[in-house]
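S.K.: Residue numbers (numbering that gives the first Met the number 0): 0 to 264.
Before I ask anything, here is the structure I am working with.
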Amino acid sequence: MGNTHLIILFLGMISMTIVGTGRLAKQLYILFKDRTDVQLQLVLGRSVERLQTFEGVPSSSDFSKNITSDIVVLAVSDHAIQSVSDQLNCPNSLVCHVSGSVPMSHLSAHKEHGVFYPLQTFGENSQIDFKYIPLLLEANTTKSMSALENLAILISDRVQAMDSQKRRELHLAAIWVNNFTNYLAGAAQDFCQSKTIDFSLLHPLLKQTLENIIKIGPSKAQTGPARRGDQQTIQAHLALLENAHDKNIYHSLSKAIAKKYAHEL
């Protein structure tokens with residue numbers, strides 16, 4: 000059935016199994032559960048309590064269960080991908096994971112395998128419009144790539160092939176843009192709380208900063224005392240910071256910005 004199965008599966012409804020019960024698994028469940036062109040056959044996960052929140056779809060915590068879905072999506076933590084993959088009983092399915100940093104080769108136990116990576120952050124109970132999210136795909140065969148493409152275009156207008164190395168590099172860039180940016184916003188929030196300042200006063204600035212980055216690029220959008228070489232302001236700010244860790248971060252970032260724009264002074 001193998002290859003022929005992949006050729007014909009998109010002539011009718013696509014059958015799917017989701018493995019995992021976390022944030023991304025829930026987003027995929029919401030995306031596909033009511034579609035007429037996708038049949039969500041099963042949600043597989045270890046937490047019986049979490050499985051109960053995937054209403055209207057068969058669920059199981061038995062990883063030895065025989066799975067006959069066309070596509071099996073592993074929406075589990077990066078460190079669990081290979082071990083969970085090795086437990087699955089789905090010989091005729093295309094198995095894919097959703098990680099940006101894990102190579103496709105972690106799924107090599109399956110004849111047909113690939114990657115279905117949505118480049119986005121998924122917060123608790125967040126409502127995500129997948130139409131504008133880049134979906135980055137990789138597969139070990141042309142047929143599997145076509146299968147993933149056909150699934151991806153149902154939910155996103157930004158579908159692109161990308162190999163494991165490029166995807167890992169992009170994932171690193173995403174850490175800079177998302178995780179580190181969020182950490183710095185958290186540091187600002189903590190500082191505001193310690194000084195009884197309303198953090199929401201910074202919300203318009205946050206929004207405008209992101210808008211400028213997108214519109215004109217981060218290099219042109221960079222402002223502040225470090226870019227201007229304003230050491231007096233920098234030293235005054237450092238004096239306000241009581242936490243040594245925060246002082247080090249402020250100093251390191253200011254030094255990096257000053258070095259990058261030193262030729263302008």
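Virtual Cβ for every residue (Gly too), placed ideally from N, Cα, C.
Source: prediction; values computed, not measured.
By the DSSP assignment, the beta strand (DSSP E) with H96 in it spans what residues?
M.R.: Numbered from its first residue, the sequence shown carries residue 96 at position 97. Taken as a continuous stretch (DSSP letters only), the beta strand (DSSP E) holding H96 covers L93 to H96.
S.K.: Would you mind sorting T232 into buried or exposed? The rule is 16 or more other CB atoms within 10 Å of its CB.
M.R.: Along the sequence shown, read from residue 1 onward, the residue named residue 232 stands at position 233. Classification of T232: exposed, given that the 10 Å Cβ count is below 16.
S.K.: Please state the DSSP three-state secondary structure of L153.
M.R.: Residue 153 sits at position 154 when you count from the first residue of the sequence shown. Coil.
S.K.: Which whole runs of the alpha helix (DSSP H) in the segment 44 to 80 are 4 residues long or more, in chain order?
M.R.: Secondary structure remark: continuous alpha helix (DSSP H) runs of at least 4 residues inside the segment 44 to 80, in chain order: 47 to 50.
S.K.: From S104 to I256, what does the alpha carbon distance come to, in whole angstroms?
M.R.: To locate residue 104, count along the sequence shown from 1; it is residue 105. To locate residue 256, count along the sequence shown from 1; it is residue 257. Distance between the alpha carbons of S104 and I256 is about 39 Å.
S.K.: Assuming L41 and I66 are in contact, meaning their beta carbons sit under 8 Å apart, how far apart are those beta carbons, in whole angstroms?
M.R.: By one-based count along the sequence shown, residue 41 stands at place 42. By one-based count along the sequence shown, residue 66 stands at place 67. Distance from L41 to I66 at the Cβ level is roughly 7 Å; contact confirmed, criterion being Cβ atoms closer than 8 Å.
S.K.: List the residues that DSSP assigns as beta-bridge partners of H170.
M.R.: In the sequence shown, counting from the first residue as 1, residue 170 sits at position 171. According to DSSP, H170 shares a beta bridge with no other residue.
S.K.: So, are the CB atoms of D69 and S98 less than 9 Å apart?
M.R.: In the sequence shown, counting from the first residue as 1, residue 69 sits at position 70. In the sequence shown, counting from the first residue as 1, residue 98 sits at position 99. No; because the gap between Cβ atoms is not below 9 Å, this pair is not in contact.
S.K.: Kindly give me the distance between the Cβ atoms of A173 and L118, rounded to whole angstroms, as I take these residues to be in contact under 8 Å.
M.R.: For the purposes of this step, residue 173 is identified with residue 174 of the sequence shown, where counting begins at 1. For the purposes of this step, residue 118 is identified with residue 119 of the sequence shown, where counting begins at 1. About 6 Å separates the Cβ atoms of A173 and L118, confirming a contact at the 8 Å cut-off.
S.K.: Let me confirm a value: T16 is counted as buried when at least 16 other C-beta atoms fall within 10 Å, else exposed. Which label applies?
M.R.: Within the sequence shown, numbered from 1, the residue matching residue 16 stands at position 17. T16 comes out buried.
S.K.: Following the continuous beta strand (DSSP E) through A266, name the residue where it begins and the one where it ends.
M.R.: Outside the displayed range of the chain (0 to 264) lies residue 266, so it cannot be described from this structure.
S.K.: Comparing alpha-carbon positions, which option in L23, K25, N247 and T35 lies nearest N14?
M.R.: Counting from 1 along the sequence shown, the entry for residue 14 is found at position 15. Before going on, a small fix: residue 14 reads as Ser here, not Asn. Nearest C-alpha to S14: T35.
S.K.: To the nearest angstrom, report how far apart L169 and S199 are at their CA atoms.
M.R.: Translated into the one-based positions of the sequence shown, residue 169 becomes position 170. Translated into the one-based positions of the sequence shown, residue 199 becomes position 200. In a straight line, the C-alpha of L169 is about 31 Å away from that of S199.
S.K.: Decide if G185 is buried, meaning its Cβ has at least 16 other Cβ atoms within 10 Å, or exposed.
M.R.: Position 186 of the sequence shown, counted from the first residue, corresponds to residue 185. G185 is exposed by the Cβ-count criterion.
S.K.: So what does DSSP say about N88, is it helix, strand or coil?
M.R.: Start at 1 with the first residue of the sequence shown, and residue 88 comes out as number 89. Three-state result, N88: strand.
S.K.: Hey, quick one: how far does the alpha helix (DSSP H) through Y131 stretch, first residue to last?
M.R.: As a first step, residue 131 is located in the sequence shown; it is residue number 132 there, counting from the start. No alpha helix (DSSP H) holds Y131; DSSP gives it neither H nor E.
S.K.: Which term fits L183, buried or exposed, when burial requires 16 or more other beta carbons within 10 angstroms of its beta carbon?
M.R.: If you number the sequence shown from 1, residue 183 lands on position 184. By the neighbour-count rule (16 or more Cβ atoms within 10 Å), L183 is not buried but exposed.
S.K.: State the Cα-Cα distance for the pair N181 and S218, rounded to the nearest angstrom.
M.R.: For this step, residue 181 is matched to residue 182 along the sequence shown. For this step, residue 218 is matched to residue 219 along the sequence shown. Distance between N181 and S218, taken at the CA atoms: about 19 Å.
S.K.: In angstroms, rounded to a whole number, what distance separates the CA positions of V56 and F62?
M.R.: Numbered from its first residue, the sequence shown carries residue 56 at position 57. Numbered from its first residue, the sequence shown carries residue 62 at position 63. The straight-line gap from Cα to Cα measures roughly 17 Å.
S.K.: Closest by CA to D128, which one among N178, K258, F31 and K259?
M.R.: Here residue 128 corresponds to residue number 129 of the sequence shown, with the count starting at 1. For the residues N178, K258, F31 and K259, the minimum Cα distance to D128 belongs to F31.
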